[in-house]
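Numbering (my numbering), first residue to last: 9 to 408.
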Ligand code: TRP
Ligand code: SF4
């Protein structure tokens, strides 16, 4: 059976904090058991905004990959690689750039937003405008079906779909397409072929979307089809030509509820983070000195957990019993703040323990990390090369 593929990338920001862990990595770790997954470091994307400060990318990449591994991304289940080590991304980006209208890029909301946010930097560059197209190439080159991303990235996935559609429309035609599609249909076998045709008619005559979905499921289950025939039959459903690039779906990552030490969202730029593998002493100190309900000046003053960032940590880390203990203890001044913080400290340290242990294995043996990355790059590159063969052929660049 054709398994749906998951792909996601992160720009190399160096060491990750618990916000990244709860927001992104926990989701990746879950997905790696459910689908074939590709996770990569988008180092070229980092250059679109940091072109004037190179020299940190290699180090940031290594630290970030160690954090992925420490968190439990498993190289035996997921393919971990680096964008710039698969130069086919750049080739696809170039070819897609030929057919991508400028207007499509200019109206991606992150374009203007980021330019305004980073106004100290000149981002009126060719590369920065092309950011979403490079991302589209990252996704399309693996024919990824699902892309786990946060809400801010959804327009980039929409854009990717439009680019794929345009590509298939422009280059997906081949001579004798109709005959080839009908030949492929026969290979489905009598019963399936008949059902496929019925579903195709239902879609083409009545526009029934669920007929398309059912037909896709039918094709997914058809084991004996070659890749080319499968593409033809996908393309034939909707009328057009061969489906060379696959339109991906965003897999919306639930917004992270991870608060920072000051109660705002945990973020490097707010300076309110706990790092994924921060040492116990430092974590303890940070939580001990956390701001609490400002009304609770003395130990004998009752407080209100709703006004206290520590309570937000309890909501993530504590059992119902502990939460009740906090609510009662705080409101009656039955417990002190240091006492209240202890279960949070214990829980954070407990969460970090296995990550610190795994990270230690990788920091002590950097060759281990290099091997994992080299392996992943090789696997990714094979997939990317397959797609590029089809892409070049479709455009007519298969000179011999
Ligand atoms: N733009 C993404 C971000 O900033 C990173 C990224 C690059 C990405 N290429 C991708 C994410 C492909 C998903 C798929 O978070
Ligand atoms: Fe915050 Fe706990 Fe102190 Fe109440 S007792 S103010 S919840 S730290």
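Cβ atoms here follow ideal geometry from the backbone N, Cα and C, with glycine treated the same way.
Best match in the options for proximity to residue i [C-alpha to C-alpha]
i, options, result
"residue 114", "362, 83, 164 and 215", "164"
"residue 168", "210, 218, 380 and 112", "112"
"residue 371", "59, 172 and 70", "70"
"residue 241", "207, 218, 122 and 132", "207"
"residue 304", "277, 320 and 337", "337"
"residue 25", "404, 389 and 277", "277"
"residue 158", "290, 33 and 307", "33"
"residue 88", "398, 382, 407 and 298", "382"
"residue 187", "104, 249 and 58", "249"
"residue 43", "260, 392 and 154", "154"
"residue 146", "406, 388, 407 and 405", "388"
"residue 358", "378, 326 and 375", "326"
"residue 172", "125, 275, 62 and 151", "151"
"residue 20", "118, 395, 54 and 367", "54"
"residue 98", "65, 27, 60 and 52", "52"
"residue 109", "140, 36, 129 and 237", "140"
"residue 182", "120, 148 and 247", "247"
"residue 349", "308, 294, 369 and 401", "294"
"residue 66", "378, 136 and 398", "378"
"residue 255", "125, 230, 166 and 102", "166"
"residue 315", "300, 343 and 120", "300"
"residue 170", "116, 191, 77 and 343", "116"
"residue 235", "306, 156 and 395", "395"
"residue 365", "288, 125 and 306", "288"
Sheet register partners of residue i (DSSP bridge)
i, result
"residue 258", "155"
"residue 90", "49"
"residue 183", "Looking at the DSSP assignment, residue 183 forms no beta bridge with any residue, so it has no partner."
"residue 14", "45 and 154"
"residue 120", "According to DSSP, which records beta bridges pairwise, residue 120 is partnered with nothing at all."
"residue 283", "25"
"residue 374", "DSSP lists no partner for residue 374."
"residue 273", "267"
Test item: CB-CB of residue i and residue j under 8 Å
i, j, result
"residue 363", "residue 253", "no"
"residue 302", "residue 340", "no"
"residue 17", "residue 48", "yes"
"residue 91", "residue 40", "no"
"residue 176", "residue 251", "yes"
"residue 204", "residue 193", "yes"
"residue 200", "residue 226", "yes"
"residue 298", "residue 30", "no"
"residue 5", "residue 143", "Given that the chain is displayed from residue 9 to residue 408, the structure contains no residue 5 and the question cannot be resolved."
"residue 72", "residue 27", "no"
"residue 74", "residue 367", "yes"
"residue 133", "residue 160", "no"
"residue 64", "residue 129", "no"
"residue 269", "residue 317", "yes"
"residue 162", "residue 263", "no"
"residue 5", "residue 228", "What the structure shows of the chain is the stretch from 9 to 408, and residue 5 is not part of that stretch, so it cannot be assessed."
"residue 261", "residue 35", "yes"
"residue 77", "residue 149", "no"
"residue 343", "residue 83", "no"
Proximal residues to residue i (C-beta, below 7 Å), its chain only, five neighbours per side dropped
i, result
"residue 245", "208, 211, 220 and 223"
"residue 322", "330, 331, 334 and 352"
"residue 393", "96"
"residue 103", "399 and 403"
"residue 93", "385"
"residue 320", "267 and 271"
"residue 346", "296"
"residue 12", "43, 153 and 154"
"residue 105", "138 and 141"
Spatial neighbours of residue i in its chain, beta-carbon cut-off 6 Å, leaving aside the 5 residues before and after
i, result
"residue 412", "A query on residue 412 cannot be resolved here, the shown segment of the chain reaching from 9 to 408 and no further."
"residue 189", "240 and 244"
"residue 355", "325"
"residue 137", "113"
"residue 376", "370"
Same chain, Cβ closer than 8 Å to residue i, neighbours up to 5 away in sequence not counted
i, result
"residue 407", "none"
"residue 272", "278 and 280"
"residue 313", "301, 319, 322, 334, 335, 338 and 339"
is_contact[residue i, chain C] using C-beta, thresh 8 Å
i, result
"residue 367", "Of the protein chains in the structure, only one exists, and it is not chain C."
- Item | Below 6 Å from a heavy atom of the ligand SF4 - residues by beta-carbon | Output, sorted by chain position: 300, 301, 304, 311, 313, 316, 318, 319, 334, 338, 343, 345, 348 and 349.
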